[in-house]
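Residue numbers (the working numbering): 160 to 249.
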């Protein structure tokens, strides 16, 4: 089943996550979706979205402890459009 025409941005801390995400973006079912992979975790995403609109879907790789992760997600939410979805990997 094809993925709809959405924008997806991934913020990956490791190549071990970035590479599979990039490969998934090459799948024929992702033909209509626009995928961009950035190296860097939530801190990079926060910095990026201070001056850029958020996509439909944000993928975040994080190795943070749960308390720190929630603090970072709260900070990120200040810059996200309310309709953006977020998936955390890690």
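For each residue, glycine too, the CB sits at the ideal point set by N, CA and C.
None of the values given here were measured: they were computed from a predicted structure.
The beta carbon of residue 199 is closer than 6 Å to those of 170 in its chain, skipping five residues each way along the sequence. The DSSP assignment places 201-208 as complete runs of the alpha helix (DSSP H) inside the region 189-228, in order along the chain (cut-off: 4 residues). When 244, 227, 220 are compared, the shortest CA-CA separation from residue 178 is found for 220. With fewer than 16 other Cβ atoms from the protein chains shown falling within 10 Å of its own Cβ, residue 230 counts as exposed. For residue 181, the CB contacts under 6 Å within the same chain, skipping 5 residues up- and downstream, are 196 in chain order.
Using a Cβ distance threshold of 8 Å, residue 248 and residue 216 do not count as a contacting pair.
When the five nearest sequence neighbours on each side are left out, the beta carbons in the same chain lying within less than 6 Å of the beta carbon of residue 234 are those of 205, in order along the chain.
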